[in-house]
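A.B. asks:
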Amino acid sequence: MKYNFADFEEKWQKIWEENKIFRASSSSSLKKYYCLEMFPYPSGNIHMGHVRNYAIGDVISRHKMMCGFNVIHPIGWDAFGLPAENAAKQNNRHPAEWTRENIKKMRHQLKRMGLSYDWSREVATCLPEYYRWEQQLFIKMWEKGLAYKKRSGVNWCESCGTVLANEQVEDGKCWRCSSDVVQKELEQWFFKITEYAGELLDCTYTLLGWSENVLAMQRNWIGESSGAEITFDILGTDEKITVFSTRPDTLYGATFMLLAPEHPLADKLLEDSPQREEGLAFIKSITGESKEARMEDKQKKGFFTGRNCINPVTYEQMPIYIANYVLMDYGTGAVMAVPAHDERDFDFAKKYELPIVQVIQPKEDSPEDITEAYAGEGFLIQSDTFDGMSSKNARSAIVNLLEKQGSGKKSVTYRLRDWGVSRQRYWGTPVPFIYCGKCGAVPVPDKDLPVLLPENVKFDTHGNPLDSVQEFVNTVCPKCGDPARRETDTMDTFVESSWYFLRYCSPQYDKGMFDETEVNYWMPVDQYIGGVEHAVMHLLYARFFTKVLRDMGYINIDEPFDNLLTQGMVCKETQRCHTHGWLNPSEVKDGNCVHCQTPVIAGRTEKMSKSKKNVVDPDDLIKTFGADTLRLFSLFAAPPDKEIDWSESGVEGCYRFISRVFRLVTDHLDLLKSDIPEADVPQGEVSTEIFLYIHATVKKTTTDIERFQFNTAVAAIMEFVNSLYILQDKLTDTATKSAFKSALITLMRLCAPFTPHVAEELWSLASMHGFISCEGWPTYKEEYTLHNNITIAVQINGKIRAKITVPRNCSEQEVIEKSLADEKVVPYTKGRILTKKIYVHGKLVSIVVK
RNA sequence: GCGAGCGUGGUGGAAUUGGUAGACACGCCAGACUUAGGAUCUGGUGCUGCACAGCGUGGGGGUUCAAGUCCCUCCGUUCGCACCA
4 MKYNFADFEE KWQKIWEENK IFRASSSSSL KKYYCLEMFP YPSGNIHMGH VRNYAIGDVI
64 SRHKMMCGFN VIHPIGWDAF GLPAENAAKQ NNRHPAEWTR ENIKKMRHQL KRMGLSYDWS
124 REVATCLPEY YRWEQQLFIK MWEKGLAYKK RSGVNWCESC GTVLANEQVE DGKCWRCSSD
184 VVQKELEQWF FKITEYAGEL LDCTYTLLGW SENVLAMQRN WIGESSGAEI TFDILGTDEK
244 ITVFSTRPDT LYGATFMLLA PEHPLADKLL EDSPQREEGL AFIKSITGES KEARMEDKQK
304 KGFFTGRNCI NPVTYEQMPI YIANYVLMDY GTGAVMAVPA HDERDFDFAK KYELPIVQVI
364 QPKEDSPEDI TEAYAGEGFL IQSDTFDGMS SKNARSAIVN LLEKQGSGKK SVTYRLRDWG
424 VSRQRYWGTP VPFIYCGKCG AVPVPDKDLP VLLPENVKFD THGNPLDSVQ EFVNTVCPKC
484 GDPARRETDT MDTFVESSWY FLRYCSPQYD KGMFDETEVN YWMPVDQYIG GVEHAVMHLL
544 YARFFTKVLR DMGYINIDEP FDNLLTQGMV CKETQRCHTH GWLNPSEVKD GNCVHCQTPV
604 IAGRTEKMSK SKKNVVDPDD LIKTFGADTL RLFSLFAAPP DKEIDWSESG VEGCYRFISR
664 VFRLVTDHLD LLKSDIPEAD VPQGEVSTEI FLYIHATVKK TTTDIERFQF NTAVAAIMEF
724 VNSLYILQDK LTDTATKSAF KSALITLMRL CAPFTPHVAE ELWSLASMHG FISCEGWPTY
784 KEEYTLHNNI TIAVQINGKI RAKITVPRNC SEQEVIEKSL ADEKVVPYTK GRILTKKIYV
844 HGKLVSIVVK
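Read left to right, the first sequence gives residues 4 to 853 (the working numbering).
(1) Going by beta carbon distance, what residues of the same chain come within less than 6 Å of Leu261, once the five residues before and after it are set aside?
(2) Please name the residue in Thr335, Phe235 and Val818 whose C-alpha comes closest to that of Asn864.
(3) Using CA atoms only, rank isn't needed, just tell me which of Leu149, Pro98 and Ala343 is closest to Gly84.
(4) Just mark Ile803 as buried or exposed, buried being the case when its beta carbon has 16 or more other beta carbons within 10 Å.
(5) Quick one: grab the DSSP three-state call for Ala87.
(6) Can you check whether the CB of Val54 is closer than 8 Å to the CB of Met116?
(7) Ser770 and Ile24 - do their beta-carbons sit closer together than 8 Å?
(8) Straight-line CA distance for Ala87 to Glu104?
(9) Given this structure, state the Cα-to-Cα distance separating Lys67 from Val472, to the nearest angstrom.
(10) Quick one, are the C-beta atoms of Ile233 and Pro251 less than 8 Å apart?
(11) Unbroken alpha helix (DSSP H) runs of length 4 or more, entirely within the region 617-645: which are they?
(12) Indicate whether the contact test is met: 3 or more Cβ pairs, each with one atom in the region 660-678 and one in the region 592-603, closer than 8 Å.
(13) Alpha helix (DSSP H) containing Val447: first to last residue?
(14) Looking at C-alpha atoms only, which residue of Leu204, Lys187, Gly845 and Tyr151 is the closest neighbour of Phe193?
(15) Nearest CA to the CA of Ala352: which residue from Thr258, Thr317, Arg553 and Asp390?
(16) So, helix, strand or coil for Ser814, using DSSP?
(17) In terms of DSSP beta bridges, what is Cys180 paired with?
(18) Under 8 Å between the Cβ atoms of His76 and Ser123?
(19) Can you list, in chain order, the residues of its chain whose CB lies under 6 Å from that of Thr715, leaving out five sequence neighbours each side?
(20) Answer yes or no: do Lys34 and Asn89 have a C-beta to C-beta separation smaller than 8 Å?
(21) Quick check: is any heavy atom of the ligand FAD less than 7 Å from the C-beta of Pro264?
(22) Quick check: the Cα distance between Tyr842 and Phe723, rounded to an integer number of angstroms?
(23) Counting beta carbon pairs with one atom in the region 128-143 and one in the region 155-164, are three or more of them shorter than 8 Å?
(24) Could you give the first and the last residue of the continuous beta strand (DSSP E) run that contains Ser228?
(25) If distances are taken between C-alpha atoms only, which option among Ile106, Cys180, Ser500 and Tyr696 comes closest to Glu785?
(26) Mapping the DSSP letters down to three states, classify Cys754 as helix, strand or coil.
(27) According to the Cβ coordinates, are Pro468 and Lys461 closer than 8 Å?
(28) Which whole-angstrom value is the C-beta distance of Phe547 and Leu273, which I expect to be below 8 Å?
(29) Could you name the residues of the same chain whose beta carbon sits closer than 7 Å to that of Lys413, not counting the 5 residues immediately before and after it, in chain order?
(30) If you draw a straight line from the alpha carbon of Met751 to that of Thr464, how long is it in whole angstroms?
(31) If contacts are defined as beta-carbon pairs under 8 Å, then Met572 and Lys613 qualify, I think. What distance do you get, rounded to the angstrom?
(32) With DSSP as the reference, identify every bridge partner of Ala796, one or two as the case may be.
(33) Given this structure, state the Cα-to-Cα distance separating Thr700 from Val828, to the nearest angstrom.
(34) Are Ala376 and Pro342 closer than 8 Å when you measure CB to CB?
(35) Using the Cα positions of Leu685 and Lys806, report the straight-line distance between them to the nearest angstrom.
(36) Note down the Cα distance separating Gln385 from Glu319, rounded to an integer number of angstroms.
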């Protein structure tokens with residue numbers, strides 16, 4: 004029979020669905036297993052990144068199911084977001100309609116991949132049944148002080164017309180549209196993620212199932228620094244300046260003070276200064292710059308406020324400057340400058356001719372003249388009673404002194420800032436607040452939730468479309484009944500994805516975010532799979548939400564995702580022309596651009612993207628090769644965490660392999676349907692060999708799936724098939740046929756998680772009972788995975804000189820005797836003294852001669 | 001600058017613990033079957049050399065009977081963060 008996937012792939016997808024074999028229920032005596040892949044944004048089409056992500060998840064899920072776990076494997080849609088709104092503007096379509104249609108199309112595409120999802124748990128975040136619970140949580144967080152509104156400088160993307168979180172700014176550009184991000188002063192809603200900074204950081208050391216690079220990125224992003232807060236009195240006023248420093252040991256060398264231009268004191272100190280105008284102009288020249296331009300300018304610029312403060316340990320006066328390189332949103336926005344031991348302060352001191360006092364010596368006898376800043380550790384000098392102390396010890400000693408004086412204390416600072424969640428866009432969850440002239444910001448009462456997104460909206464205006472929906476904006480205050488104005492900000496879409504994995508546990512629950520019993524049964528997620536691009540944003544937010552919900556008493560876990568697998572990108576060669584930019588294959592002929600006949604620039608391998616014209620469409624591939632081939636290729640081409648280089652011939656190779664499996668099994672349907680039973684024990688030479696292949700392959704495939712080495716798991720099955728092809732001509736007696744029958748049945752089972760359609764079809768063609776998808780995963784016996792004869796390598800002085808074959812149970816003495824007697828070994832040992840003999844059981848003999 | 005990772009044939013990649021480097025696949029070569037083959041099957045394929053042999057996991061050094069794997073050092077490369085006090 005010829006392998007023709009089109010005959011049966013869709014048939015099985017339909018049958019699986021009709022028989023509800025992937026429905027999950029918490030009422031099971033089996034051990035639970037939660038397998039989760041990052042849910043897709045309904046852009047309209049699945050791409051190869053999705054295929055890879057979901058193929059990996061599906062193998063894990065199907066394998067666990069066959070291993071007897073109670074598996075939950077849900078899917079849904081991250082359905083709010085800007086693309087829907089942009090599409091609405093361009094095509095005069097409603098975002099809801101656009102999103103609905105995309106979901107429908109992509110749902111069909113996912114189903115066409117044969118994924119083992121429990122579709123009854125499907126959620127779409129744009130539905131009121133979903134987002135009303137988010138609004139409820141928002142209010143609960145507000146009650147606990149974890150959601151708040153403040154005026155602050157925010158990242159503003161003009162092209163998207165909205166605010167962005169810090170995590171969503173990449174190289175000063177919008178993560179979504181790559182246009183420049185500017186700073187803007189706005190009243191915004193924030194989530195107090197900084198309250199959890201310490202725990203979010205500490206727990207990165209307990210997440211043993213996460214890859215080191217993701218944990219490192221999170222740690223980096225949270226950015227903990229420990230040091231001290233030190234307070235300085237300002238001369239001639241009652242004001243004080245508090246700084247944060249990681250190096251209190253250098254306090255005796257602090258010779259001047261720096262304020263961020265945005266620091267409230269900067270303005271205050273200039274109040275009665277004769278240079279007030281000049282100073283304000285200086286501040287404006289810096290704050291007026293974009294964040295990017297400000298970072299770009301490495302030149303130190305400062306302005307003397309005319310005021311001085313007092314060093315709390317030397318009692319020396321320190322001039323207070325406003326400096327361009329001090330950031331308001333880190334630490335306290337003020338820095339004690341220690342020019343001798345900080346490169347930036349050193350440059351500043353040189354430029355403005357400020358005193359440089361060395362207080363740390365690298366070694367006890369190093370020279371005192373300084374030509375550059377020394378930022379390392381060492382021993383204190385010119386530091387009063389601390390002279391001679393190591394900088395490390397001095398850090399705590401000086402903080403102790405400050406604590407006694409009441410001018411400082413130990414402190415920890417994080418780089419992480421609160422999560423700005425306000426978005427000035429339509430297509431998102433409305434922030435459930437009402438502004439009343441009398442009562443201020445009032446939460447929408449629970450009985451009035453959800454605050455529904457109005458349907459009747461015009462998208463032809465600039466700015467937030469919600470602002471112009473009068474019947475939405477105009478409302479009454481829930482407290483006093485006066486006319487009031489409704490909040491028109493919607494939430495960042497990362498809010499929806501911060502708890503969707505909880506909603507999956509009880510997706511239809513209508514009394515709250517989730518049914519606590521269900522969540523506490525299914526959570527945590529045992530295996531999470533997704534792209535590394537979410538290493539910081541989504542994964543950090545979801546961890547934060549989990550901890551918030553835990554502290555509110557709804558769940559009993561600290562971390563949502565036990566194990567995380569970040570899959571690599573799918574890449575393909577690009578081609579480009581000097582004048583016509585990126586070219587797709589049809590625009591290249593004989594290495595020349597078809598538009599201008601000039602040679603194309605040699606292809607580079609890059610992530611598939613429309614703009615680079617190097618995408619391949621999974622739909623086309625499924626039509627040509629079938630879903631099984633596409634799945635198999637994305638698993639076989641590389642280990643899951645590495646990049647895949649797209650290769651058309653690699654896909655064909657996978658297709659060939661599946662054809663081989665199909666032919667091998669269908670050529671022996673008579674045997675499979677016959678009365679000959681499966682073999683329990685090997686009988687005879689060929690049968691023993693077959694047993695060896697079966698058990699060794701099951702062992703290798705099982706362990707490889709469990710450690711996510713799908714590429715080598717597939718390779719093991721390929722070897723198995725190659726062996727069976729050779730063995731199929733040797734089926735002379737019943738015992739052999741019996742063993743071969745076992746081999747074929749095992750093969751089908753091993754293939755089931757990878758290529759479920761062909762496995763199911765073969766299972767049915769062989770008249771086997773039930774669905775292979777629900778069958779047990781094959782087991783192996785260690786004793787059958789070993790050859791009776793083993794090959795031993797013989798090394799003389801570290802070089803392999805011979806290989807000998809011995810029975811498996813051969814004793815050490817016998818092996819060594821046999822190797823010394825080997826004709827290839829004798830010339831190397833003749834007339835020499837044997838000084839050492841090492842036998843590594845079953846592997847090699849190492850002989851040292853002199 | 002800080003942090004994390006990677007470096008193996010023509011290509012993608014194998015090699016849990018130090019123990020026969022290059023599994024499996026792509027590509028290429030040869031053969032078989034064919035009117036034909038871009039189908040299928042079989043065999044070959046790290047490099048040098050006629051075989052014996054020698055050389056080979058980014059470079060150099062070290063530990064060891066034995067190193068892709070451990071240690072030191074240098075080089076290259078990818079990713080994240082970065083005027084973070």
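Beta carbons: idealized from backbone N, C-alpha and C, even for Gly. If you're wondering where the values come from, they're calculated on a predicted model, not measured in any experiment.
C.D. replies: So, from the data block:
(1) Excluding sequence neighbours, Leu261 sits near Tyr324, Ala326, Val329, Val338 and Ala340.
(2) With the chain running from 4 to 853 in the structure shown, residue 864 is simply not present.
(3) Comparing Cα positions, the closest option is Pro98.
(4) Exposed, since its Cβ has fewer than 16 Cβ neighbours within 10 Å.
(5) Of the three classes helix, strand and coil, the one that applies to Ala87 here is helix, per DSSP.
(6) A distance below 8 Å separates the beta carbons of Met116 and Val54.
(7) Not in contact: Ile24 and Ser770 (Cβ atoms no closer than 8 Å).
(8) Approximately 11 Å between the Cα atoms of the pair.
(9) The alpha-carbon separation between Lys67 and Val472 amounts to approximately 50 Å.
(10) Yes, they are a contact pair.
(11) Contiguous alpha helix (DSSP H) elements confined to the region 617-645 occur at 621-628 and 630-639, taking only those with 4 or more residues.
(12) Cβ pair count under 8 Å is below three, so no.
(13) From DSSP, Val447 is part of no alpha helix (DSSP H); its letter is neither H nor E.
(14) Among Leu204, Lys187, Gly845 and Tyr151, the Cα nearest to that of Phe193 belongs to Tyr151.
(15) Closest option to Ala352, Cα to Cα, is Thr258.
(16) Per DSSP, reduced to three states, the secondary structure at Ser814 is coil, with no helix or strand assignment.
(17) Beta bridge pairing from DSSP links Cys180 with no other residue.
(18) Contact: no.
(19) So the qualifying residues of the chain are Asp707.
(20) Between Lys34 and Asn89, the gap from beta carbon to beta carbon reaches 8 Å or more.
(21) Inclusion of the ligand FAD in the displayed structure is not the case, the ligand content being empty and no account of it being possible.
(22) Between Tyr842 and Phe723, the C-alpha separation is close to 31 Å.
(23) Counting Cβ pairs under 8 Å, fewer than three are found: no touch.
(24) DSSP places Ser228 in the uninterrupted beta strand (DSSP E) bounded by Glu227 to Ile237.
(25) When each option's Cα is compared against that of Glu785, the closest is Tyr696.
(26) Cys754 falls in the helix class under three-state DSSP.
(27) Going by C-beta atoms, Pro468 is nearer than 8 Å to Lys461.
(28) With a Cβ gap of about 39 Å, Phe547 and Leu273 do not count as contacting.
(29) Here the set comprises Ala231 and Val402.
(30) Rounded to the nearest angstrom, the two C-alpha atoms are 59 Å apart.
(31) Not a contact, Cβ separation roughly 15 Å.
(32) DSSP output for Ala796 lists Lys806 and Leu847 as bridge partner(s).
(33) When rounded, the distance between both Cα atoms is 34 Å.
(34) The answer is yes: Cβ separation under 8 Å.
(35) This sequence places Pro at residue 685; Leu is not what is there. Going from the Cα of Pro685 to the Cα of Lys806 covers about 28 Å.
(36) Using only the alpha carbons, I get a separation of about 13 Å.
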